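In mature numbering (1 follows the signal peptide of the UniProt record, and there is no 0), the protein residues as written are -24 to -1, 1 to 666.
Structure representation (structure tokens):
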């Protein structure tokens, strides 16, 4: 299973490289606004596109050909079709409820049984089901419909330095251009559609696609949602949905919405009606959209968000007012007003500059050049150098450079609010593979491996927020699975909201993954090595009051006065107030797990002696149960075993970091003793760790 995940990740990176490579430098592009690319080596282009079909369920490969923009929270996937384009909007926190539990089952009383089974070489079983967390899901999909004509000179591109996705083509009315970016400054996605090079105006219709158009629709709990579309001639186009209601879900009265504000300069907007969706989930009185005729320029400002307080699902169909929708309307209207120029027109370039002042310096903080051929389109590069001749052992320099910048761009787009999901921050399907959750036993670790050395300043901040959001659940995990107090145990998977260990079936005993906390804290230690001491701004991405225990290195939690002082200054110190206390509580887990009763003999075998209070010379602790995720020992028919190398390494790393970061005068003898008494690594006949 793990190999499959890694293959998916590698393929996804290659697809990003395919669609987000380096733009041809044959000719600079000058849209009507006068903007142009500053570096064609840091852009990507394609001469082809894949259109998302309307009024039918799409295959998942269709949206994956899109080009993307994002700011870590909001994002968009642009298909790039000339006359029936789609923009699939994203929010990194969108997860679809299901009927699975959200509370960690209390299995601490099973710990001794499992330990005895392992030390005696006996098989053990449990009756735990494989209960997954909530899957990621897309926001609304906006379709831009225009009259179809014969066209030529088609190009779609992504400018990595500005995070703009563009579509450009020529027909009988001239050259047409669309540009879209997700703003790091204003937390919205903005699209510009200009009149043609022959001054022909914009005529278009705007409507949200039906939910059943999304790939993999109907394969999960999303069939229990209700939704409607709303349009008005003020320019607001709204998609609002109520989540499926499960009694045990924190989102049982929740929902999500996407609101687009459409500005048609030089023309009026009118509402339009379309065929009613043939779906039981649609409860709107009509299926409205907006249309514009002969506008000089059209702008679309969009934001997506969720709420936990939409009301009961049974009341949704009759509901006409939504607090969430009103909030989002205010957001997009405020952005529209913020960038009005002296003549009262929306200034796209000003909005773009506010964004690029934040985004561009981060992208350009690292340069990488292999003398790439920037004249070749993505699909040609992939065809010629990736799949055509698989016998080649030499890596093509253009492919390598293009893949590097694609990966850097994707990493930056996923930074600042959280960290990368399994599919980055983008999905055009319901029920994405592995739920597009945060998989922390390999995938998150690989995807964030360069978050510090990559010199993207917003990446460490988003990663810290990601950890702080889930840390209280880690404390609950340690108590529920092992009965440990003031200790932390990270899960293998989290959906971003819930990090309790609900996935604990026999083939995947995630409740015995000991290494997770220490492993997940290590990137913050690397942040200190790369950036030095750092102040992490407070954010509504986490609840400081929920962190009183885990951010205290002492037995007593932080006091109300401590919290008030932190709130007053507006930040947490990464070294002293975040990483150090988390490492202390992670060490508490290891200290309670390691007991002389379960020990490793000098010959490497493991043993148990009831009441044993100390280790003899030549003996070491036995880490039991010990689990290397998705691996099973050859000589023992159980995934959970003893003394896995990952646990030895993680425990050692935890103690080393802790001793280094401890304030002067701290008694570190217990941590030093744990390091000295860890079991040795074992090696096979090839010299590999086993």
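Even glycine gets a Cβ: it sits at the ideal position worked out from N, Cα and C.
From a predicted model like this one, the values you see are computed outputs, not experimental measurements.
Classification of residue i by the beta-carbon crowding that lies within 10 angstroms, buried from 16 upward
i	result
residue 377	buried
residue 25	buried
residue 271	buried
residue 663	exposed
residue 131	buried
residue 211	buried
residue 72	buried
residue 462	buried
residue 256	exposed
residue 446	buried
residue 545	exposed
residue -9	Here the model assigns residue -9 a pLDDT of 39, short of 50, so the residue's position is not dependable, and the following value carries that caveat. The residue is buried, with at least 16 neighbouring Cβ atoms inside 10 Å.
residue 646	exposed
residue 581	exposed
residue 291	exposed
residue 106	exposed
Inter-residue spacing [alpha-carbon to alpha-carbon] between residue i and residue j
i	j	result
residue 648	residue 631	7 Å
residue -3	residue 115	With a pLDDT of only 29 at residue -3, under the threshold of 50, the placement of this residue in the model should not be trusted, and no figure is reported.
residue 142	residue 17	16 Å
residue 189	residue 405	9 Å
residue 485	residue 499	25 Å
residue 218	residue 110	16 Å
residue 562	residue 502	17 Å
residue 13	residue 532	With a pLDDT of only 39 at residue 13, under 50, the local geometry of the prediction cannot be trusted, and the value read off the model is given with reservation. Those two C-alpha atoms are separated by around 56 Å.
residue 441	residue 33	36 Å
residue 400	residue 61	22 Å
residue 493	residue 119	43 Å
residue 496	residue 126	53 Å
residue 480	residue 603	12 Å
residue 19	residue 134	5 Å
residue 470	residue 242	48 Å
residue 355	residue 43	13 Å
residue -1	residue 315	Because residue -1 sits at a pLDDT of 29, beneath the cut-off of 50, its placement in the model cannot be relied upon, and the point is left open.
residue 575	residue 650	13 Å
residue 589	residue 392	47 Å
residue 38	residue 64	12 Å
residue 386	residue 591	50 Å
residue 86	residue 482	13 Å
residue 263	residue 361	46 Å
residue 169	residue 155	7 Å
Residue range of the unbroken alpha helix (DSSP H) whose run includes residue i
i	result
residue 416	Element bounds for residue 416: n/a, residue is neither H nor E.
residue 396	Where residue 396 is concerned, there is no enclosing alpha helix (DSSP H), given that its DSSP letter is neither H nor E.
residue 311	299 to 314
residue 440	434 to 458
residue 335	324 to 339
residue 501	492 to 507
residue 537	536 to 545
residue 629	621 to 637
residue 648	645 to 652
residue 118	No alpha helix (DSSP H) holds residue 118; the beta strand (DSSP E) holding it covers 117 to 121.
residue 22	Element bounds for residue 22: not the alpha helix (DSSP H) but the beta strand (DSSP E), 19 to 22.
Nearest-angstrom Cβ-Cβ length linking residue i and residue j, presumed shorter than 8 Å
i	j	result
residue 439	residue 427	6 Å
residue 550	residue 510	4 Å
residue 312	residue 277	6 Å
residue 304	residue 418	Their Cβ separation, rounded to whole angstroms, is 36 Å, which puts residue 304 and residue 418 out of contact at 8 Å.
residue 430	residue 342	7 Å
residue 296	residue 266	About 19 Å separates the two Cβ atoms, so there is no contact after all.
residue 158	residue 46	5 Å
Residues bridged to residue i (per DSSP)
i	result
residue 152	145
residue 43	54
residue 405	191
residue 469	415
residue 212	237
residue 112	71
residue 38	In the DSSP output, where bridge partners are listed per residue, residue 38 has none listed.
residue 273	170, 241
residue 584	574
residue 264	249
Opening and closing residue of the beta strand (DSSP E) in which residue i lies
i	result
residue 181	178 to 184
residue 131	128 to 135
residue 219	Unbroken run through residue 219: none, as it is neither H nor E.
residue 169	165 to 170
residue 249	245 to 249
residue 576	574 to 576
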